[in-house]
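**Student:**
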Amino acid sequence: ETCSFASSPDHSIRPIPSLIHYCQRYVVDAHYFWGKRKVPHGIFTCDHPLLEEPPMDLGQGVSHTEKDRMNAFMVCALTKFTNDAMMFFKDHHCEGGGNRERRELVPHVNLVRKKGG
């Protein structure tokens with residue numbers, strides 16, 4: 756539910772802030788990570804693939820804390836918003852819509868599923 760809501764917030768059901776000041780990194784299960792300084796610099800190009808999106812149930816296990824759920828919300832929302840911005844760029848600047856493949860590119864960069872984690 757966390758990722759589903761974060762990806763498509765409905766303010767009539769659960770109001771959320773319109774502005775998010777993300778001043779830290781967000782990690783869930785030591786597998787999913789978002790850090791503003793780790794986003795590749797070349798994401799707004801026609802050839803760059805979209806970011807891999809986390810599973811919709813991220814942060815929902817019985818062992819997850821409230822902080823895990825908060826981090827999951829941020830990882831999911833930031834990934835969705837970044838992909839939306841990348842698609843807007845591709846729609847307006849790339850012949851044929853650009854690369855729409857979703858994949859992780861480099862370990863420890865952007866949204867990452869850490870290997871062996």
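Note that my numbering has the sequence shown beginning at 756, numbered continuously upward.
Heads up, the beta-carbon is just placed ideally off N, CA and C, and yes, glycines get one too.
1) Got a sec? Which residues, its chain only, sit under 8 Å from G790 by beta carbon, not counting five neighbours each side?
2) Who are R857's beta bridge partners in DSSP?
3) Residue range of the beta strand (DSSP E) that V783 falls in?
4) Could you tell me which residues DSSP pairs with F788 in its beta bridges?
5) Alpha carbon to alpha carbon, how far is V794 from D839?
**Tutor:** Inspection of the coordinates gives the following:
1) By 1-based counting over the sequence shown, the position of residue 790 is 35. Within the same chain, R780 and Y781 come within 8 Å of G790 by CB-CB distance, once the 5 residues on both sides are set aside.
2) For the purposes of this step, residue 857 is taken as residue 102 along the sequence shown, with counting starting at 1. DSSP lists L805 as the beta-bridge partner residues of R857.
3) Here residue 783 is taken as the residue at index 28 of the sequence shown, counted from 1. From DSSP, the beta strand (DSSP E) with V783 extends over Y781 to V783.
4) In the sequence shown, the residue the question calls residue 788 occupies position 33. DSSP lists V782 as the beta-bridge partner residues of F788.
5) Translated into the one-based positions of the sequence shown, residue 794 becomes position 39. Translated into the one-based positions of the sequence shown, residue 839 becomes position 84. Between the C-alpha atoms of V794 and D839 there is a straight-line separation of about 15 Å.
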